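**Student:** The structure follows.
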């Protein structure tokens with residue numbers, strides 16, 4: 001048996017509506033929303049009494065997906081205020097290719113996006129940056145310029 005594809009990246013958030021608004025402004029589309037609970041959920045994630053709300057977001061090309069999850073029980077660990085640096089072990093960031101990096105940053109700022117560093121240019125090929133979004137999520141943006 002071989003790997004078929006990467007299906008999605010799951011991100012736990014403390015405010016699902018804010019995260020959906022943020023990723024919608026980025027250009028993703030809501031594919032669906034659901035409440036997840038019951039024995040199958042407990043078994044799949046290895047927790048007891050799981051009750052969460054999820055939103056599946058997809059990129060406009062239909063290939064990339066994020067599953068945003070807000071846990072009601074058991075409560076998510078952490079308060080969303082701890083913002084580890086980009087070199088912290090674990091999931092590093094999610095990167096998106098955009099047409100206009102400056103416009104994208106401007107549209108995401110009202111949704112809480114903050115630049116971690118600054119917009120940098122790699123040769124005459126890309127403009128790149130890291131942003132921190134809802135629940136401390138690190139998002140990278142890349143604009144191809146050459």
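Residue numbers (full-length UniProt numbering): 1 to 146.
Every residue gets a Cβ at the ideal spot worked out from N, C-alpha and C, and that includes glycine.
The model shown is predicted, which means the values in this text are computed figures rather than measured ones.
1. Residue 11 to residue 66, Cα distance in whole Å?
2. Could you round the C-beta distance between residue 52 and residue 75 to whole angstroms and report it? I think they count as a contact, below 8 Å.
3. Taking residue 15 as the reference, which of 143, 137, 60, 141 has the closest Cα?
4. Give me the DSSP bridge partner(s) of residue 33.
5. Alpha carbon to alpha carbon, what distance is there between residue 121 and residue 142?
6. At 3 residues or longer, and completely inside the segment 57-139: list those beta strand (DSSP E) runs for me, N to C.
**Tutor:** Quick look at the numbers:
1. 7 Å
2. At roughly 11 Å, the Cβ-Cβ gap does not stay under 8 Å, so residue 52 and residue 75 are not in contact.
3. 137
4. 55
5. 10 Å
6. 65-73, 94-97, 120-122, 126-132
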